[in-house]
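To keep things clear, I will list the structure first and then write my remarks on it.
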Amino acid sequence: HAVSAGTTGTDLPHAVSAGTTGTDLAYAARTHTHGALRHLQRWLADERFAESRLAVVTRDALDDPAQRAVWGLVRSAQSEHPDRFVLVDLDADPATDQEAAAALAAAVATGEPHLRISGGELRAPRLTRARTQDREAPALDPEGTVLITGGSGGIGRLVARHLVVAHGMRHLLVLSRRGPAAPGAPELAAELAEHDATVTFAACDVSDRAALAAVLADLDRPLTAVIHTAGVLDDGVVESLTPERVDTVFGPKADAAFHLHELTRDSGLAAFVLFSSLAGTLGPAGQANYAAANAFLDALAVHRQDHGLPATSIAWGYWAQASDMAGHLGGESWHRRMARDGVRPMTPELGLALLDAAIAGDEATVVAARLDLAAMPSSPHAHRRAAGTGSQQAALAALPPAQRDQALLELLHAQLREVLGYEQGRTIEPGRPFKDLGFDSLTAVELRNRLRAATGLRLPATLVFEHPTPAALHAFLRDELSGGPAALAVLMADLDRVEAALDAVDDRAAVVARLRALLARHTGGTAARDLVEAGSDEEMFALIDQEIGGR
């Protein structure tokens, strides 16, 4: 199995992603990602682990595309389920299992969502500014051919035009599913013909290796550069994903990139550019499959450079220029979410300037985005911290029922306004369905996380679908805070932990006495009488100490 479950020497539950074997990196990435997805879903579905974290462990994954795909998947899972997953990358060959277990425990104790342990040192990933001064782009032979996949989309057309107008390229091969029948294809060909450039559109499913090989075999000019922009989305929270939905996204993105890598390896390319996404770096909620596919691209670029081949993977932020994918993402809620997370739209001019800078650089992977660093969450747990604190939970619990109900209503409406991007003070209609307010699976997860952090309640991802209006959700939260089923489940889980802890303690007399005193308080004193009749001296003195000390 590509991913296996186990426990470390410190009994920390973990899933291990094995190193890649074989040469088909795209197939290995699918296998690893499918296996990791199964483990994540099982972990989330098992109530026994509701308050626990799963450590997902990779080994020396920086240049391993298959394991890096797992990174992307887990990062999105972290965004959807704060404090449930931690990602740890270990050296390829730790000295002993005990040392690996100790290092893993130390990594988890830091609270960082993602860590690499190398040579005994803990390292956390951070974005840093790229060096772009005094760079010269690689020389592209204007008589050679530049291959652009996904070139009929909005961004693909921008890139094609830029290559001709700014870089003097005269021969472009643009691949897409519809080829010359794609919207805008004839107009783009006519426009670039005025610059003495020939644009050939071909219909090709780039995830089909044989079809792609046939297109490349028909080239009548040498291939000088590859720019892979193709991609597709199939968004959904982790619990809703299937292996088929993972494969849908991997096909035109990861599989196609690997086919291009293999089929052009001996072509003497001057540039091999992969259009990745910031999703693979930050792991947005609802895009775990897309994040995994883009993380694969980032590692593939590292892999190529390690083997002396040109490669640049550009993790793009948000282009203001419309594209097929942006239209799918699209909607007001998505744009609000991007803005709230500090990702600002890029103009086409800025995007193309960043493209030139990235190709001119020597880094295998770069992020090209317009970021508001002050607004960006520092980790997948940032929204959780922003939403509430333990003191807020305690304050809610301490209020009399009537005041608690009003405070809870105000809290719910404040969180709804934040998630929906409403201005402060805007009225929330209590009977209006969430779907009419613009909720989707992603905003539902975000609201759930905020409310869970603010109230301390264990809440399902299906919260707004099971309680489909603000009024219904308010009633549910009120009942739960007043000792409903969820509160009872939490109490029972606490008792389970107490029982387990008692089994590990040799001298438990004081603890047992306190438990009996608590029991007596809720059973009319029968437990105390039983203790007087049958208790040991140690238990009797412990009970006396407890009762006197509590007065």
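Those letters in the sequence shown? Residues 3 to 553, by this note's numbering.
Using N, Cα and C, we set each Cβ at its ideal position, and we do this for glycine too.
Tell me where the alpha helix (DSSP H) around residue i begins and ends.
i, result
"residue 200", "Careful: residue 200 lies outside any alpha helix (DSSP H), inside the beta strand (DSSP E) at 200-205."
"residue 407", "403-422"
"residue 308", "290-308"
"residue 252", "245-252"
"residue 234", "It is not in any alpha helix (DSSP H) - residue 234 carries neither H nor E in the DSSP assignment."
"residue 175", "Taken as a continuous stretch (DSSP letters only), residue 175 belongs to no alpha helix (DSSP H), being part of the beta strand (DSSP E) at 173-178."
"residue 483", "472-483"
"residue 457", "443-457"
"residue 463", "From DSSP, residue 463 is part of no alpha helix (DSSP H); its letter is neither H nor E."
"residue 161", "156-167"
"residue 322", "That residue, residue 322, is in no alpha helix (DSSP H); it is neither H nor E in DSSP."
"residue 264", "258-265"
Does the CB of residue i have a neighbour CB from chain D at under 9 Å?
i, result
"residue 368", "The structure shown has no chain D; it contains just one protein chain."
CA-CA distance, residue i and residue j?
i, j, result
"residue 278", "residue 196", "31 Å"
"residue 481", "residue 434", "21 Å"
"residue 199", "residue 263", "26 Å"
"residue 117", "residue 181", "44 Å"
"residue 447", "residue 115", "19 Å"
"residue 471", "residue 462", "16 Å"
"residue 155", "residue 140", "25 Å"
"residue 533", "residue 502", "In this predicted model, residue 533 has a pLDDT of only 47, less than 50, meaning its place in the structure is not dependable enough to derive any value."
"residue 190", "residue 108", "56 Å"
"residue 376", "residue 274", "33 Å"
"residue 188", "residue 201", "9 Å"
"residue 110", "residue 102", "12 Å"
"residue 315", "residue 56", "30 Å"
"residue 439", "residue 423", "11 Å"
"residue 339", "residue 378", "11 Å"
"residue 511", "residue 520", "14 Å"
"residue 292", "residue 85", "22 Å"
"residue 499", "residue 506", "11 Å"
"residue 183", "residue 320", "27 Å"
"residue 449", "residue 417", "7 Å"
"residue 457", "residue 80", "20 Å"
"residue 32", "residue 47", "22 Å"
"residue 100", "residue 230", "44 Å"
Since I believe residue j is in contact with residue i (beta carbons under 8 Å), could you give me their beta-carbon distance rounded to a whole number of angstroms?
i, j, result
"residue 460", "residue 421", "With a Cβ gap of about 19 Å, residue 460 and residue 421 do not count as contacting."
"residue 260", "residue 27", "6 Å"
"residue 317", "residue 280", "5 Å"
"residue 91", "residue 226", "Going by Cβ atoms, the distance from residue 91 to residue 226 rounds to 36 Å, so no, they are not a contact pair."
"residue 59", "residue 38", "Not confirmed; about 11 Å, so no contact."
"residue 166", "residue 194", "5 Å"
"residue 398", "residue 410", "7 Å"
"residue 169", "residue 223", "Going by Cβ atoms, the distance from residue 169 to residue 223 rounds to 16 Å, so no, they are not a contact pair."
"residue 256", "residue 295", "5 Å"
"residue 305", "residue 67", "6 Å"
"residue 61", "residue 94", "5 Å"
Could you spell out the range, first to last residue, of the beta strand (DSSP E) harbouring residue i?
i, result
"residue 150", "147-151"
"residue 2", "The chain is shown from 3 up to 553; residue 2 falls before or after that span and cannot be answered."
"residue 116", "116-120"
"residue 214", "Note, residue 214: premise wrong, no beta strand (DSSP E); alpha helix (DSSP H) at 211-219."
"residue 430", "Here residue 430 belongs to no beta strand (DSSP E), and DSSP marks it neither H nor E."
"residue 274", "273-279"
"residue 60", "56-61"
"residue 125", "123-125"
"residue 195", "Residue 195 -> not in any beta strand (DSSP E); alpha helix (DSSP H) instead, spanning 187-195."
"residue 370", "367-370"
Count the CB pairs spanning the region 153-167 and the region 235-254 that are closer than 8 Å, and state whether there are at least three. no
Is the region 63-79 touching the region 283-291 in the sense that three or more CB pairs, one from each, lie closer than 8 Å? yes
If we count Cβ pairs, one from each stretch, closer than 8 Å, do we get three or more for the region 48-55 versus the region 244-254? no
For the region 362-372 and the region 299-319, state whether three or more C-beta atom pairs, one from each stretch, are separated by less than 8 Å. yes
Determine contact between the region 197-208 and the region 123-132, defined as no fewer than three beta-carbon pairs at a distance below 8 Å. no
At a cut of 8 Å, does the region 338-345 reach the region 426-433 through at least three beta carbon pairs? no
Determine, using beta-carbon pairs with one atom in the region 168-184 and one in the region 139-154, whether at least three such pairs fall under 8 Å. yes
Considering only residues of the region 25-99, which uninterrupted alpha helix (DSSP H) runs meet the minimum length of 4 residues and lie entirely inside it, listed in chain order? 27-47 and 67-82
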